[in-house]
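A.B. asks: Can you read through this structure? Questions will come right after.
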């Protein structure tokens, strides 16, 4: 079954989506397990980027609830198509050369 998000991207129901969730303030790496294995990246502007695969919408809402319970302001939530993530990683490698 194909589903279309508000952004017009198509994905297969039940397939994990990659997300980037930006919050205001820095989280320590010790929170990685609490955030279901998402990668925690501390940004220079004082924000934290949580990124990685999320099983489904229910899991996403659970992550957002944890952020709310910490009292940290949510700045953005973006879904990333797996092929876009690979391209972004390749662009970052090219940019570092």
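Numbering (the numbering used here), first residue to last: 22 to 118.
By construction, the Cβ of each residue, glycine as well, lies at the ideal position given by its N, Cα and C atoms.
Can you tell me which of 74, 69, 102 puts its alpha carbon nearest to the alpha carbon of residue 52?
C.D. replies: Position 31 of the chain shown holds residue 52. Checking every option, the nearest Cα to that of residue 52 belongs to 69.
A.B. asks: Using a threshold of 7 Å, state whether the C-beta atoms of residue 48 and residue 101 are closer than that.
C.D. replies: Stepping through the chain shown from its first residue, residue 48 is reached at position 27. Stepping through the chain shown from its first residue, residue 101 is reached at position 80. Taking 7 Å as the Cβ cut-off, residue 48 and residue 101 do not qualify as a contacting pair.
A.B. asks: Should the region 52 to 64 be called in touch with the region 72 to 86, which here means at least 3 C-beta pairs below 8 Å?
C.D. replies: The answer is yes - the region 72 to 86 touches the region 52 to 64, with three or more Cβ pairs under 8 Å.
A.B. asks: Is residue 94 near residue 45, with beta carbons less than 7 Å apart?
C.D. replies: For this step, residue 94 is matched to residue 73 along the chain shown. For this step, residue 45 is matched to residue 24 along the chain shown. Taking 7 Å as the Cβ cut-off, residue 94 and residue 45 qualify as a contacting pair.
A.B. asks: Which residues does DSSP pair with residue 73 in a beta bridge?
C.D. replies: Position 52 of the chain shown, counted from the start, is the residue given in the question as residue 73. Looking at the DSSP assignment, residue 73 forms a beta bridge with 40.
A.B. asks: Which of helix, strand or coil does DSSP assign to residue 81?
C.D. replies: In the chain shown, the residue the question calls residue 81 occupies position 60. Helix at residue 81.
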